[in-house]
Each structure stands twice: as C-alpha cells, then as structure tokens.
Amino acid sequence: MLLFSGNEWYKELSHDEIQNVISQTKAWFDRLNAQGKIKDGQPLARKGAIVSGKNGQSVSDGPFAESKEAIGGYLLLDVETMEEAIAIARTNPALAYGTVIEIRPVAGECPLDARARESALQEQLANV
Amino acid sequence: MSTQNQNQNGYMLLFRGTDLRKSLSPDEMQKVSEQWMAWFKRLTDEGKAVAGQPLEREGKVVSGKQRIVSDGPFAESKEAIGGYFLLDVATMDEALAIARECPGLPYDIQVEVRPVAAECPIAADVRKEARFAQV
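Protein sequence lines, in the order shown, are assigned to chains A and B. Going by numbering that gives the first Met the number 0, the residue at position 82 of the first sequence is 81; the numbering climbs one at a time, nothing skipped. Going by numbering that gives the first Met the number 0, the residue at position 109 of the second sequence is 108; the numbering climbs one at a time, nothing skipped.
Take a look at the structure:
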C-alpha cells in the first residue's frame, strides 16, 4: 500500500505548474492502472476527525491539512515485492514537489495475532 | 453537491498506533485481535465495510527530488498506521459511530476518519480557481 503525505506542495507553484503536476500524476496513475498494477486507490478529502480514548469518547478535528504527515490519498498495488513497490513509488511525479510516499506491505493476518503467538512462544521458551 | 456531512464516496478509517505489545499479554492481544476480526466481519455482513486490511509494521518511505528511500514509519510511533477500513456509509456521523466501536481504543489506538474524495482536492481547487478567473 502506498500512502501519500506532504500534500501542500501546490502552494508554492503557479497555476500552470500545478496543472502540469496534476496531469503528470494522472498519466502516471493511468499507466499503472493499464499495466494492472493498481487494485484500488482514492484521494481523501482534506477534513476529517480523530476518535480516541477508552470508549472513543474523544472526537477531535484532524488531521490538519497543513501537517506534513496528513495522508492525502492511497494506492493499493498489485505487486509481489517491496522492490517493485518502491520502484513504482519512485516514479511518482509529485515527489519533486514535496510529496512523501510511505510504502507498507499488506499483512496476510492481523500482526497482533502473529505477535501474540510470538510472545506466547517466547514465554514458553523462558519457562523451559 | 454534497453537504459537509454527506459523502457518497464513503469513508476511510485509519488505525494509528501499532505498538500494543508493550501493554498487553499474549492472551489479551489474542482477544483484541478476535474482537477486531468479529467487528470487521459484522460490518462486512451489514454491508458497511467494503474493504479493510492490516499493514505489516515495517515499511519504507520515498521522498525528495532525489527520490531517497528510507526506513519507516517506526512502529513505536503513536502515529504509525496499522491498518484501514473502507466504509460504505453516507455520513460522517455514521462513520464516527463505527469508529467509536473500535476494539483497540482502550489500548491507545486512535482512529482517523476521513471522507473519500471523488477527485483529487487539489485538482478541484485548480478548477474552481480557473472558473473564478473567468468571471
């Protein structure tokens, strides 16, 4: 999965430059899509909410669009290796303007499950 | 036009904070994981969740003109994303109600609720600006 952040790049660009980056990014997406490399992908609206606290009692605005870490969209790639995912991420046209791309393998099972097993095994070994 | 609280494109839940291991025993972890899966199954059966996946803890980050590749995000970070759900619900209120049911909340997981956009918000802004410029 590719997660895009640093989405305030356009503020420093002229109208034509922004248009240019958008067209390039769209062409990039269309090419990957035509190659069958994309399973899913969508932009996210800038506003949102963050739910936290024991019973989710706290709801705050966020993330703030100005934040460099705010996620602006995602792409779910249909590729087999991290190398391939990195190679695709590196061809993104908006990187030159401050976009940051996080690349994360999708897990086959909940990592919590795997960790629970791992910890249980460690405990067993410790008790031997 | 959609109002502020209506969105036909659905909502995304991003689960932040992936380092439960320190505060939970293996049994507790197993329990939270089971609750989480049961929650997702119920939402899927109700037609409210259309996709959802956990992410591996390790990843890479690509950035800059030189397209530098670095390790990250760090699993210990409170902001690290551990997984997501895509919801087919029409309002922010519905999405928030679902987010509040997340079994990870008592263990410091935060749920970010984001409306999915029909098109890139930047492209939409540029079009709007262009329209104003013509007036």
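Cβ coordinates follow ideal geometry from the N, Cα and C atoms, glycine included. Just so you know, these numbers come straight off a predicted model, no measurement behind them.
Minimum Cβ-Cβ distance from residue i to chain B less than 7 Å
i: A/Gly35; result: no
i: A/Leu31; result: no
i: A/Gln129; result: The question about residue 129 of chain A has no answer, for chain A in this structure spans 0 to 127.
i: A/Val50; result: yes
i: A/Gly55; result: yes
i: A/Gln41; result: yes
i: A/Gly87; result: The question names Gly, but residue 87 of chain A in the sequence shown is Ile. A/Ile87 does not count as touching chain B.
i: A/Ser13; result: no
i: A/Ala26; result: no
i: A/Ser59; result: no
i: A/Ser22; result: no
i: A/Ser4; result: no
Assigned secondary structure, residue i (DSSP; H/G/I helix, E/B strand, else coil)
i: B/Pro53; result: strand
i: B/Met11; result: strand
i: B/Val125; result: helix
i: A/Leu2; result: strand
i: B/Ser1; result: Because the pLDDT at B/Ser1 is just 41, under 50, the model does not fix this residue reliably, and the value given afterwards should be weighed accordingly. In this structure, B/Ser1 counts as coil in the three-state DSSP scheme.
i: B/Ala48; result: strand
i: A/Asp60; result: strand
i: B/Arg130; result: helix
i: A/Lys10; result: helix
i: B/Pro102; result: coil
i: B/Gln65; result: coil
For residue i: DSSP bridge partner residues
i: B/Gln59; result: Checking the sequence shown, residue 59 of chain B turns out to be Lys, not Gln. B/Lys59 pairs with A/Ile102 and B/Asp70.
i: B/Arg113; result: B/Met11
i: B/Thr17; result: None, per the DSSP bridge assignment.
i: A/Leu74; result: A/Leu1 and A/Gly40
i: B/Ala94; result: The partner list for B/Ala94 (beta bridge, DSSP) is empty, contrary to what the question assumes.
i: A/Ala95; result: According to DSSP, A/Ala95 bridges with nothing at all.
i: A/Asp48; result: With the sequence shown as reference, residue 48 of chain A is identified as Ala, and Asp is not the correct amino acid for it. DSSP lists A/Asp60 and B/Val112 as partners of A/Ala48.
Alpha helix (DSSP H) segment containing residue i, residue limits
i: B/Ser150; result: The structure shown does not extend to residue 150 of chain B, since chain B spans only 0 to 134, so no value can be given for it.
i: A/Lys25; result: His14 to Ala33
i: A/Ile85; result: Met81 to Arg89
i: A/Ala119; result: Pro110 to Asn126
Any chain A beta carbon closer than 7 Å to residue i
i: B/Gln109; result: yes
i: B/Ser76; result: no
i: B/Ala79; result: no
i: B/Arg66; result: yes
i: B/Gln52; result: yes
i: B/Ala37; result: no
i: B/Leu104; result: yes
i: B/Glu55; result: yes
i: B/Gln5; result: no
i: B/Ser22; result: no
i: B/Ala89; result: no
i: B/Val112; result: yes
i: B/Lys127; result: no
i: B/Val49; result: no
i: B/Ser69; result: no
i: B/Lys59; result: yes
i: B/Ala123; result: no
Terminal residues of the beta strand (DSSP E) in which residue i lies
i: A/Gln41; result: Ile37 to Pro42
i: B/Ile80; result: Ile80 to Leu86
Distance cut-off 6 Å: residue i Cβ against heavy atoms of the ligand FMN
i: A/Ile21; result: Absent from the structure shown: the ligand FMN. Ligands present: none.
Chain E within 7 Å of residue i, Cβ atoms only
i: B/Ala96; result: Going by chain labels, chain E is absent from the structure shown, which instead holds the protein chains A and B.
The segment 89-114 of chain A: which residues have C-beta closer than 7 Å to a C-beta of chain B, in chain order?
Flagged, chain order: Arg89, Leu94, Ala95, Val99, Ile100, Glu101, Ile102, Arg103, Pro104, Val105, Ala106, Cys109, Pro110, Leu111, Asp112 and Arg114.
Please list the residues of the segment 66-82 of chain A that have a C-beta atom closer than 9 Å to any C-beta atom in chain B, keeping them in chain order.
For the segment 66-82 of chain A, which is checked against every Cβ of chain B, the residues closer than 9 Å are Glu68, Ile70, Gly71, Gly72, Tyr73, Leu75 and Met81.
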